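Residue numbers (the working numbering): 6 to 437.
Backbone N, C-alpha and C define an ideal beta-carbon position, used for all residues, glycine too.
All values reported here derive from a predicted model rather than from experimental measurement.
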Ligand SMILES: NC(=O)c1ccc[n+]([C@@H]2O[C@H](COP(=O)([O-])OP(=O)(O)OC[C@H]3O[C@@H](n4cnc5c(N)ncnc54)[C@H](O)[C@@H]3O)[C@@H](O)[C@H]2O)c1
């Protein structure tokens with residue numbers, strides 16, 4: 006039995022390798038020829054995924070994985086199809102299905118009777134049944150629930166530890182009909198292993214939620230919940246700042262301490278998921294209130310950080326501000342919805358000069374994002390730590406020559422290393 010995995014990105018490739026690790030053949034299809042070449046050459050196309058290279062070596066040497074740009078052919082040779090092509094949102098927060106629609110059309114062209122298709126991309130509720138099913142039926146001339154089978158099964162993993170997360174969390178599935186439910190359960194039970202989780206209400210494994218809508222909603226509920234939590238943490242952080250509380254350690258400049266240092270955890274939320282999925286949720290629940298507010302709070306954080314910096318230092322006009330981290334979070338080479346972009350915009354609007362550092366990106370990669378690269382040890386007036394790259398815990402006093410203010414938005418820098426003398430903290434010392 007061969008499985009086709011459509012899109013070999015940070016989620017699709019690990020999924021393909023999870024399946025090959027069970028001895029099953031996979032054809033991976035991706036529109037990016039460079040990704041296809043790298044996979045066929047056994048070279049991981051992106052850094053940072055634990056155990057990926059080792060599993061890729063195994064899959065290639067055992068002839069279990071081939072990559073292609075030809076989705077139609079990959080699908081025509083497979084009885085199970087996993088789709089992980091991204092859905093994004095446009096500037097107005099409206100879902101943009103163009104990439105996944107085009108993949109769906111290709112899948113339909115190659116679709117064979119008896120095939121199960123599982124969409125793992127996070128989707129607005131109803132998308133599998135109301136958008137993909139009619140399109141697949143129309144182009145393939147096959148009937149869903151009779152000739153082919155369709156389900157949604159959301160990815161609940163964190164880049165960097167995907168193989169561990171696949172074992173740790175129950176695999177949620179929901180079909181568009183009973184037979185699709187059953188085939189989806191059988192398929193995922195075959196390709197996944199699960200950790201023993203006595204803390205869960207049911208045995209860890211494949212959980213049949215009964216409908217594609219329930220599976221779509223489960224993922225949107227858990228990610229929107231997180232977005233709301235982050236917004237609340239951001240509110241607490243800002244208020245604690247206003248009050249000068251030690252919990253968010255503000256360290257002020259003095260004779261022996263040449264720069265101020267503000268530690269304000271969680272300044273931004275980025276990536277394809279947490280900033281986007283509340284918008285998918287609101288796409289169907291148009292009367293929803295809380296996700297709207299949490300999204301506003303989280304999206305305002307880069308501006309609030311710059312306000313804070315100006316409160317400490319005065320106008321940014323003519324000052325150089327170094328942003329550490331263009332990735333949306335530490336250890337991941339991904340800039341989707343990264344807080345770095347609104348920070349740069351805000352700094353530029355206020356007359357400052359924004360520069361960006363990131364250990365995962367070369368200077369030319371940073372330039373190709375429309376940004377100006379900054380090297381550690383280059384001078385700057387203000388440093389803002391935007392991503393919690395592990396390397397940033399090693400930053401020292403010498404890393405920021407000339408800086409009058411450091412804002413640590415991720416609680417990653419080591420205060421003892423960046424301070425030439427013991428620190429004097431503001432606030433009354435309480436840490437409740
Ligand atoms: N990254 C995460 O942490 C994460 C976590 C949970 C769920 N997800 C879900 O997985 C989806 C994919 O995320 P990712 O991180 O793998 O994205 P990614 O940007 O790393 O990779 C996407 C891949 O899709 C390919 N692609 C685009 N259009 C295509 C098409 N028509 N046919 C075939 N391939 C196509 C691109 O070339 C690229 O290689 C997300 O949209 C999200 O729904 C991601």
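Take the Cβ of residue i as the centre, count every other Cβ of all protein chains shown within 10 Å, and call the residue buried at 16 or more, exposed below.
i           : result
residue 375 : exposed
residue 224 : buried
residue 112 : buried
residue 16  : buried
residue 193 : buried
residue 99  : exposed
residue 162 : buried
residue 229 : buried
residue 373 : exposed
residue 413 : buried
residue 132 : buried
residue 226 : exposed
residue 415 : buried
residue 286 : buried
residue 246 : buried
residue 244 : exposed
residue 353 : exposed
residue 134 : buried
residue 27  : exposed
residue 160 : buried
Looking at ligand 1, does it come within less than 7 Å of residue i, judged from the CB to the closest heavy atom?
i           : result
residue 470 : Residue numbering for the chain in the displayed model covers 6 to 437; residue 470 lies beyond these limits and cannot be assessed.
residue 22  : no
residue 416 : no
residue 179 : no
residue 107 : yes
residue 3   : The requested residue 3 does not occur in the structure, where the chain is confined to residues 6 to 437.
residue 283 : no
residue 163 : yes
residue 12  : yes
residue 104 : yes
residue 91  : yes
residue 98  : no
residue 77  : no
residue 33  : no
residue 60  : no
residue 132 : no
residue 25  : no
residue 16  : yes
residue 37  : yes
residue 160 : yes
residue 73  : no
residue 148 : no
residue 40  : yes
Output needed for residue i: all residues of its chain with C-beta closer than 7 Å, excluding positions within five of it in sequence on either side, in chain order.
i           : result
residue 437 : Any answer about residue 437 is weak, because its pLDDT of 29 lies below 50 and its placement is not dependable; what the coordinates show is given next. Nothing meets the Cβ criterion.
residue 341 : 275, 276, 277 and 333
residue 142 : 148 and 149
residue 371 : 331, 361, 363 and 378
residue 233 : 295, 296 and 299
residue 144 : 110, 113 and 114
residue 345 : 328, 330, 331, 361 and 391
residue 184 : 150 and 154
residue 1   : A query on residue 1 cannot be resolved here, the shown segment of the chain reaching from 6 to 437 and no further.
Which residues does DSSP pair with residue i in a beta bridge?
i           : result
residue 325 : 358
residue 156 : 123 and 180
residue 378 : 361
residue 149 : 153
residue 101 : 93
residue 3   : Any answer about residue 3 is impossible in this case: the structure gives the chain only from 6 up to 437.
residue 9   : 32 and 86
Within its chain, find whatever has a CB closer than 6 Å to the CB of residue i; leave out the 5 residues flanking it on each side and keep chain order.
i           : result
residue 368 : 378
residue 152 : 118
residue 422 : 401
residue 6   : 84
residue 387 : 314, 326 and 410
residue 50  : 40 and 43
Leaving aside the five residues before and after residue i along the sequence, list all residues of the same chain whose C-beta is less than 8 Å from its C-beta, in chain order.
i           : result
residue 166 : 55
residue 298 : 236
residue 169 : 55
residue 188 : 121, 154, 156 and 180
residue 427 : Confidence at residue 427 is low in this model, with a pLDDT of 43, below 50, so the placement of that residue is unreliable and no value is reported for it.
residue 347 : 273, 304, 307 and 308
Ligand 3 heavy atoms versus the CB of residue i: any closer than 7 Å?
i           : result
residue 126 : In the structure on display, ligand 3 does not appear, and the ligands it does have are ligand 1.
Self-check item: Runs of beta strand (DSSP E) lying entirely within the segment 199-233, each at least 3 residues, in chain order
Solution: 211-213
Self-check item: Whole beta strand (DSSP E) elements within the segment 71-95, 3-residue minimum
Solution: 85-88
Self-check item: Length-filtered (3 minimum) beta strand (DSSP E) runs lying within the segment 23-58
Solution: 30-34
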